[in-house]
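What follows is one structure encoded as C-alpha cells, with my remarks underneath.
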Amino acid sequence: MFASTNVYYGSGFTNGNPNAQYPGDYLPQHTTFDLSVGRSFGERYKVSLTALNVANRRVLLDNSLTFGGFHFNDPRQIYVEFRYRFHY
C-alpha cells in the first residue's frame, strides 16, 4: 500500500485590475491539498485513487489585462487507475 500528499501554497500574483472584490496590489493567497492512495495485488496488478484540489477551493490566479484573460485554478479532479503488467 502507499499514500502520498501534496500541499501547494500560492502567495498571490500582482493584481492587474483592483476592484471592490479584490482590492490592493496582490490577489489573495491560496492553498490546495492533493491526495493519492493505492495498493498492489500480487506482482502484476496495481490500483490507485488520486484526488487533486480535495477541498474544491476555487481561486482567481491571474486577472491581468492581457489577451490571455482571467485564470482560475482547476476544480476538484478525481482519477482512478488500474495497472496490469504484462509478462515479457
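Position one of the sequence shown corresponds to residue 1205 (this note's numbering), numbered consecutively onward.
Don't be surprised by glycine CBs; every beta carbon is placed ideally from N, CA and C.
From a predicted model like this one, the values you see are computed outputs, not experimental measurements.
Measure how close the beta-carbons of residue i and residue j come, nearest whole angstrom, since I'm counting them as under 8 Å.
| i | j | result |
| --- | --- | --- |
| Asp1278 | Leu1256 | 7 Å |
| Asn1219 | Asp1238 | Contact flag wrong, Cβ pair sits at about 26 Å. |
Compute the Euclidean distance between the alpha carbons of residue i and residue j, then round it to the nearest angstrom.
| i | j | result |
| --- | --- | --- |
| Tyr1212 | Arg1280 | 14 Å |
| Asp1229 | Leu1269 | 14 Å |
| Arg1261 | Asn1267 | 17 Å |
| Met1215 | His1234 | Checking the displayed sequence, the identity of residue 1215 turns out to be Ser instead of Met. Roughly 7 Å separates the two Cα atoms. |
| Val1263 | Gln1225 | 12 Å |
Closest to residue i by C-alpha separation, out of the options, would be which residue?
| i | options | result |
| --- | --- | --- |
| Ala1207 | His1291, Phe1271, Arg1248, Ser1244 | Ser1244 |
| Phe1274 | Ile1282, Asn1221, Thr1209 | Asn1221 |
Would you decide whether residue i is buried or exposed? Buried here means 16 or more other CB atoms lie within 10 Å of its CB.
| i | result |
| --- | --- |
| Leu1231 | buried |
| Thr1236 | buried |
Where in the segment 1217-1279 do unbroken runs of the beta strand (DSSP E), each at least 3 residues long, occur, reported from the N-terminal end onward?
-> Contiguous beta strand (DSSP E) elements confined to the segment 1217-1279 occur at 1234-1245, 1249-1256, 1264-1266, taking only those with 3 or more residues.
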